[in-house]
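Input: a single structure, listed below in structure tokens.
Pasting the structure below:
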């Protein structure tokens with residue numbers, strides 16, 4: 001669900017990161033406040049227009065949205081049971097639109113620009129103890145860590161299969177957690193070596 | 001630059017990993033070899049303040065690593081064995097740029113320096129590519145580029161070629177050989193140290209040989225032979 005930057009020179013690419021984040025926030029708030037069919041249709045039109053203008057292709061955005069289906073299907077089933085089919089359809093469509101819109105922003109914005117925008121937004125909160133650089137770094141690390149953990153998961157699954165324990169949850173979970181913690185440890189050391197904690 | 005290791009002993013818990021190490025490192029090319037667990041990596045981490053000794057002190061350009069860690073790290077860059085753990089940002093150019101975020105340089109200067117270092121390491125075509133899709137060799141080159149873009153005076157490398165194939169290992173070793181910086185290289189690939197000025201051999205947390213490559217590596221070979229025969 002976290003797309004990596006796709007280089008380009010489209011108007012969407014050139015738009016300031018802060019503006020894109022603000023637009024995304026407005027869209028998400030609108031969808032959350034009034035998930036009516038009309039609002040969903042307008043939201044879908046805006047997202048499709050942005051995809052077309054950015055020239056990144058629906059397929060790339062769809063690839064970012066696909067992992068959401070694991071969450072969406074049970075949520076839709078629960079909503080149908082609790083609130084009916086109409087509500088379930090609106091909530092599901094809203095979630096899909098929100099993730100697609102977020103994907104458009106991350107696919108058309110360099111991480112460094114996103115970080116600068118986030119640091120700018122959070123700067124007034126410094127006097128409340130918020131460290132904008134640190135928050136931005138955490139977000140960047142989250143983006144960076146997704147493919148690393150996916151790779152670790154694949155290696156552990158392969159190792160489990162090689163030892164004939166494909167169905168063992170324990171044979172996956174224990175080495176995966178240990179390797180993830182080791183990775184976190186090494187990453188922390190690398191950040192320290194690059195002066196992240198230095199004033 | 002002169003790095004002084006003064007009467008350093010270091011332990012992790014009850015396990016002593018370095019004992020009474022005294023060194024003055026001023027040569028341009030210094031190699032460190034030794035068996036696994038001999039204390040090589042801890043010695044390397046002492047040199048840029050990643051590890052602070054429990055006894056003794058380490059001075060870099062006269063600065064104590066225990067009190068001036070930030071200033072020391074600006075002078076001494078560090079390259080790890082596993083580049084995956086060293087790459088912080090999602091794309092290649094962004095990871096190099098990350099090193100300069102706190103440099104105080106303006107955006108245009110930062111971008112120019114990033115472009116220059118990527119070109120130097122043959123990564124310019126991958127600037128906007130996801131870092132995790134690079135090959136192992138390219139990732140290590142990226143890790144090197146991300147450190148060298150800050151122009152440290154000293155580069156400490158902890159087994160930077162261990163995870164690489166022979167071709168990529170050679171490429172990284174050649175790059176290290178030609179750097180203008182002072183280099184401290186921890187490695188198991190002793191052939192990389194043939195043209196170095198000085199080689200330290202560690203065993204059980206002590207420096208058991210400290211000499212030009214030929215005699216230091218002979219001592220290391222004797223140690224390995226002795227360990228194999230017992």
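Chains as they are written, first to last, in our numbering: chain A, 1 to 199; chain B, 1 to 230.
Idealized CB from N, CA, C, for every residue including glycine.
Listed along chain B is no residue with a C-beta nearer than 8 Å to that of residue 48 (chain A); the closest approach is about 25 Å.
The C-alpha of residue 211 (chain B) lies about 11 Å from the C-alpha of residue 32 (chain B). In this structure, residue 40 (chain B) sits away from residue 49 (chain B), with a CB-CB distance that is not shorter than 7 Å. Of the candidates A:148, A:36, A:169, the residue whose Cα lies closest to the Cα of residue 157 (chain A) is A:169. Residues of the stretch 132-144 of chain B that bring their beta carbon within less than 7 Å of a beta carbon in chain A comprise 132, in sequence order. Interface annotation for the stretch 88-112 of chain A against chain B: 110, 111, 112, criterion Cβ-Cβ distance under 8 Å.
Considering only beta carbons, no part of the stretch 23-39 of chain B lies closer than 7 Å to chain A. For residue 158 (chain B), DSSP records a beta bridge to B:186.
Beyond the five residues adjoining it in sequence on each side, residue 42 (chain B) comes within less than 7 Å, by CB distance, of 10, 17, 18, 51 in the same chain, given in chain order. Taking a C-beta distance under 7 Å as the contact criterion, residue 100 (chain A) and residue 47 (chain A) qualify as a contact pair. Against chain A, the beta carbon of residue 130 (chain B) has neighbours under 8 Å at 4, 147, listed in chain order.
Around the beta carbon of residue 33 (chain A), fewer than 16 other beta carbons sit within 10 angstroms, so the residue counts as exposed. Sorting B:221, B:196, B:139 by C-alpha distance to the C-alpha of residue 208 (chain B) places B:221 at the top. Put simply, the stretch 102-117 of chain A touches the stretch 88-95 of chain B. At least three CB pairs are less than 8 Å apart.
Per the Cβ contact rule, the stretch 11-20 of chain A is not in contact with the stretch 77-94 of chain A (fewer than 3 Cβ pairs under 8 Å). Look at residue 226 (chain B) here: in three-state DSSP terms it is helix. Under the DSSP assignment, residue 77 (chain B) falls in the beta strand (DSSP E) whose first and last residues are 76-79.
Just so you know, the alpha carbons of residue 186 (chain B) and residue 162 (chain A) end up roughly 33 Å apart. A Cβ-Cβ separation of about 6 Å places residue 201 (chain B) in contact with residue 219 (chain B) under the 8 Å criterion. Rounded to whole angstroms, the Cβ separation of residue 140 (chain B) and residue 28 (chain B) is 22 Å, and the two are not in contact under 8 Å.
A:28 is the residue among A:28, A:55, A:54 whose C-alpha sits nearest the C-alpha of residue 42 (chain A).
Close to chain B, meaning a Cβ-Cβ distance shorter than 7 Å, are the following residues of the stretch 131-144 of chain A: 140, 141, 143, 144. Counted as a single uninterrupted DSSP element, the stretch harbouring residue 151 (chain B) is not any alpha helix (DSSP H), since DSSP gives it neither H nor E.
Between residue 100 (chain B) and residue 110 (chain B), the C-beta gap is smaller than 7 Å, which places the two residues in contact.
Secondary structure note for residue 78 (chain A): its alpha helix (DSSP H) is the uninterrupted segment 69-83. In the displayed model, residue 34 (chain B) falls within a strand according to three-state DSSP.
Below 8 Å, enough C-beta pairs join the stretch 180-199 of chain A and the stretch 69-83 of chain B to call them touching: three or more. Residue 1 (chain B) does not reach chain A, its nearest Cβ partner there being about 17 Å away, counting only Cβ pairs nearer than 9 Å.
Listed by position along chain B, the residues whose Cβ is nearer than 7 Å to that of residue 189 (chain A) are 50.
Excluding sequence positions up to five before and after residue 80 (chain A), its CB lies within less than 6 Å of the CB of 88, all in the same chain and listed in chain order.
Taking a Cβ-Cβ threshold of 9 Å, the residues of chain A close to residue 73 (chain B) are 192, 193, 194, 195, 198, in chain order. According to DSSP, residue 63 (chain B) shares a beta bridge with B:60. Among the CB atoms of chain A, one or more fall inside 7 Å of the CB of residue 99 (chain B).
When only Cα atoms are considered, residue 150 (chain B) and residue 56 (chain A) end up about 34 Å apart. Taking 9 Å as the Cβ-Cβ cut-off, the stretch 49-76 of chain A has no residue approaching chain B.
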